Amino acid sequence: MSVKIVKNLSAWFQKSARDLPWRKNPHPYWIWLSEIMLQQTRVATMLPYFEKFTLEFPDVGELAKAPEERVLKLWAGLGYYSRARNLHRGARKIHERLEAGLGFPKTAEEWSAIPGVGPYTAGAVASIAYGQRAPIVDGNVVRVLSRVYAIQKLDSAKSLIWHHSRRLVELKDANPRILNQALMELGAILCLPKNPKCGECPIRGSCKGKGRPASFPEKKPGKSWRHLQEKRWIPLRSRGPFREIFLVQNKKGAWREGLWDFPVPDSSAVTSGALLFEFKVRYVVTNHKVERTHCVFLVKNRGSMGLRGGRWFLLEDLPGVPAPVRKAIIELERGRSRAPDREAFAKAESGPEA
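In this note's numbering, the protein residues as written are 49 to 402.
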C-alpha cells in the first residue's frame with residue numbers, strides 16, 4: 049500500500065503541481081524563505097510578500113546585512129512577526145556559514161540549528177532543496193495521513209503521523225523532493241478540511257478514511273476567545289501638500305515588538321489638537337478578538353498632545369506597521385469624508401505647516 053501511495057501521489061504532483069516561484073527556482077534560500085512565510089499563512093496571501101522579499105533581498109547575504117526595521121517593514125501585514133525576526137537571525141547564521149566556507153545547511157539536523165527552524169521546516173528544506181530523506185509534518189500532512197491511515201486520535205507530538213511520514217519518505221521508490229511537496233499539495237488543494245475533493249484524489253484507492261473524511265483527525269474543541277478593548281490616538285498634521293501621522297515604536301518584549309503603532313492616549317497630556325472624529329476597527333490575532341477605538345486629531349505642531357517618543361511619518365511612506373494600523377489608515381481615509389467639520393479639516397490639511 050505504501051509503495052502505491054508514493055507512486056500515485058508523486059505522479060499526480062508532477063502533473064498537477066501549482067506553478068510557484070520556489071518550484072521554478074529550488075534554491076535553498078528560496079525554499080527556506082517560502083517555508084517560513086507559509087507558516088500559519090496561505091499561499092495566495094504570502095506570494096506578494098515573497099516577491100517583495102526576493103526583489104529586495106535577492107540572496108541570503110543581502111537579507112543578513114539588512115537592518116531589522118527594513119525586514120519588518122517588508123513583512124508588515126503578514127502577521128506573526130516573530131517569524132520575521134527569526135528569519136533575519138537565521139539569515140545571519142546562514143551567512144556566517146557561507147563566510148566560513150560551510151555552505152548552506154543540507155541535513156535536517158543542520159537546518160534545525162538555524163533560528164526559527166523547527167522539525168517540519170528542517171525536513172521540508174532538507175528534502176526539497178537537497179533530496180534528503182527527511183519526513184515532514186505540517187497541518188496539511190496531518191490531515192492527509194490521518195485520513196489515509198484512519199487515525200482519529202493524535203497525541204500532542206503527532207507521533208503516529210511522523211511515523212507514517214518517515215516510512216513513506218524512506219521507501220526506496222520515493223523521491224523525497226517530490227513526495228514531500230506532493231503530500232503538502234494534496235492537503236492544500238484536494239484533501240481540504242471541509243468538503244474534500246475525494247473524487248479527484250490520486251490515492252483515494254489507498255485511503256481508509258475516504259468514506260468519512262471529516263472524522264479524521266478528531267476535531268479539536270472550539271477556540272476560547274479573549275475579547276480586548278483598545279484605544280489609540282491618530283495625530284494627523286499637514287506638511288505642505290503632504291499629510292503626516294505620528295507613530296511610536298513598540299518596545300522590546302511588547303506585542304508586535306519593533307513595529308510602529310498609533311500612540312496610546314496620554315491622560316497627563318494637554319490635548320491641544322482638534323478632535324475630528326472617532327472610529328472603531330476590529331481584528332483577530334491568535335485567540336484574541338480586539339476592538340480598537342481611534343480618535344483622530346489635527347495637531348498644529350510636534351509638541352501638541354504630549355507627543356513624545358515617536359516620529360512623524362508621511363502617510364505615503366510608512367515604516368513597518370501591523371495589519372490593524374493599515375486597516376485603520378484605510379478607515380481614516382474613508383472617515384475624512386464623514387468628519388463633522390469637513391471644511392476645517394480640508395483647510396487645515398491644505399494650509400502651511402504650523
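Note that the Cβ used here is the ideal one computed from N, Cα and C, for glycine as well.
Because the structure is a prediction, the values reported are computed rather than measured.
Of the listed residues the options, nearest to residue i (C-alpha basis)
{"i": "Ser272", "options": "Leu295, Arg260, His212, Asn335", "result": "Asn335"}
{"i": "Ile142", "options": "Trp80, Arg118, Ala182", "result": "Trp80"}
{"i": "Thr89", "options": "Ala236, Ala59, Lys154, Leu111", "result": "Ala236"}
{"i": "Val329", "options": "Ala376, His275, Asp203", "result": "Ala376"}
{"i": "Val196", "options": "Trp60, Cys343, Ile53, Leu366", "result": "Ile53"}
{"i": "Leu193", "options": "Pro69, Glu266, Ala92", "result": "Glu266"}
{"i": "Asn134", "options": "Leu111, Gly151, Ala302", "result": "Leu111"}
{"i": "Met49", "options": "Gly253, Pro261, Glu116", "result": "Gly253"}
{"i": "Trp60", "options": "His136, Glu248, Leu216", "result": "Glu248"}
{"i": "Val189", "options": "Lys337, Leu238, Ala114, Thr155", "result": "Leu238"}
{"i": "Asn228", "options": "Arg280, Leu208, Thr169", "result": "Thr169"}
{"i": "Pro405", "options": "Ile199, Leu363, Asn223, Ser286", "result": "This structure leaves residue 405 out entirely; the chain is present only between 49 and 402."}
{"i": "Leu216", "options": "Leu202, Ser207, Arg181", "result": "Arg181"}
{"i": "Ser286", "options": "Leu363, Leu208, Pro153", "result": "Leu363"}
{"i": "Ala156", "options": "Arg131, Trp78, Asn223, Ala172", "result": "Ala172"}
{"i": "Leu126", "options": "Ala148, Glu158, Ser82, Ala174", "result": "Ser82"}
{"i": "Ile378", "options": "Val332, Phe327, Val333, Arg356", "result": "Phe327"}
{"i": "Pro106", "options": "Trp78, Val332, Arg356, Met94", "result": "Trp78"}
Contact under 8 Å by Cβ, residue i with residue j
{"i": "Ile162", "j": "Gly138", "result": "yes"}
{"i": "Val120", "j": "Pro250", "result": "Checking the sequence shown, residue 120 turns out to be Leu, not Val. Not a contact, by the Cβ cut-off of 8 Å."}
{"i": "Trp210", "j": "Pro244", "result": "no"}
{"i": "Leu346", "j": "Leu324", "result": "yes"}
{"i": "Gln277", "j": "Glu339", "result": "yes"}
{"i": "Lys63", "j": "Asp221", "result": "no"}
{"i": "Arg382", "j": "His342", "result": "no"}
Rounded separation between residue i and residue j - CA only
{"i": "Met232", "j": "Cys246", "result": "16 Å"}
{"i": "Lys300", "j": "Gln87", "result": "23 Å"}
{"i": "Leu103", "j": "Arg191", "result": "34 Å"}
{"i": "Tyr129", "j": "Glu305", "result": "8 Å"}
{"i": "Ala65", "j": "Leu122", "result": "28 Å"}
{"i": "His275", "j": "Gly151", "result": "47 Å"}
{"i": "Arg374", "j": "Ala124", "result": "9 Å"}
{"i": "Lys100", "j": "Gly259", "result": "43 Å"}
{"i": "Ser213", "j": "Gly187", "result": "13 Å"}
{"i": "Glu146", "j": "Glu116", "result": "First, the amino acid is wrong: residue 146 is Leu here, not Glu. Whole-angstrom Cα-Cα distance: 20 Å."}
{"i": "Val344", "j": "Pro370", "result": "18 Å"}
{"i": "Pro372", "j": "Asp365", "result": "17 Å"}
{"i": "Ser204", "j": "Lys268", "result": "12 Å"}
{"i": "Arg291", "j": "Leu380", "result": "12 Å"}
{"i": "Val318", "j": "Pro241", "result": "Because Val318 carries a pLDDT of 45, less than 50, the predicted location of this residue cannot be relied on, and the following value inherits that uncertainty. One C-alpha to the other measures close to 53 Å."}
{"i": "Lys256", "j": "Phe264", "result": "10 Å"}
{"i": "Arg225", "j": "Asn298", "result": "41 Å"}
{"i": "Trp303", "j": "Val312", "result": "14 Å"}
{"i": "Ser316", "j": "Arg118", "result": "Caution is warranted here: a pLDDT of 49 is assigned to Ser316, below 50, making its placement in the model unreliable, and the coordinate value is therefore given only provisionally. When rounded, the distance between both Cα atoms is 33 Å."}
{"i": "Val51", "j": "Lys337", "result": "46 Å"}
{"i": "Arg71", "j": "Lys348", "result": "53 Å"}
{"i": "Leu202", "j": "Ala114", "result": "41 Å"}
{"i": "Val108", "j": "Arg140", "result": "8 Å"}
{"i": "Glu158", "j": "Asn73", "result": "22 Å"}
{"i": "Leu208", "j": "Asp309", "result": "43 Å"}
{"i": "Ser160", "j": "Ala322", "result": "54 Å"}
{"i": "Gly288", "j": "Gly358", "result": "21 Å"}
{"i": "Ala92", "j": "His136", "result": "23 Å"}
{"i": "Gly179", "j": "Tyr331", "result": "41 Å"}
{"i": "Ala230", "j": "Val185", "result": "12 Å"}
{"i": "Lys356", "j": "Val333", "result": "Going by the sequence as given, residue 356 is Arg instead of Lys. Those two C-alpha atoms are separated by around 28 Å."}
{"i": "Pro96", "j": "Glu144", "result": "28 Å"}
{"i": "Asp67", "j": "Lys206", "result": "30 Å"}
{"i": "Pro400", "j": "Asp314", "result": "Note that Pro400 has pLDDT 40, beneath the 50 cutoff, so the model's placement of it is unreliable and the number below is only indicative. Cα-Cα distance, rounded: 27 Å."}
Assumed close pair residue i, residue j - CB separation to whole angstroms, cut-off 8 Å
{"i": "Ile84", "j": "Gly164", "result": "6 Å"}
{"i": "Ile282", "j": "Phe361", "result": "12 Å between Cβ atoms; not a contact."}
{"i": "Gly368", "j": "Leu284", "result": "With 8 Å as the limit, Gly368 and Leu284 do not qualify as a contact, their Cβ atoms being about 20 Å apart."}
{"i": "Phe98", "j": "Pro69", "result": "6 Å"}
{"i": "Ala132", "j": "Lys154", "result": "Not confirmed; about 25 Å, so no contact."}
Task: 4 or more residues per run - each alpha helix (DSSP H) lying fully within the region 274–342 - done: none
TODO: Ignoring anything shorter than 4 residues or poking outside the region 119–182, list the alpha helix (DSSP H) runs there in chain order.
DONE: Restricted to the region 119–182, the alpha helix (DSSP H) segments that are unbroken, complete and at least 4 residues in length are 130–147, 156–159, 167–178, listed in chain order.
TODO: Jot down the residue ranges of each uninterrupted alpha helix (DSSP H) in the region 53–114, minimum 4 residues, whole runs only, in chain order.
DONE: 69–72, 76–86, 91–104, 108–113
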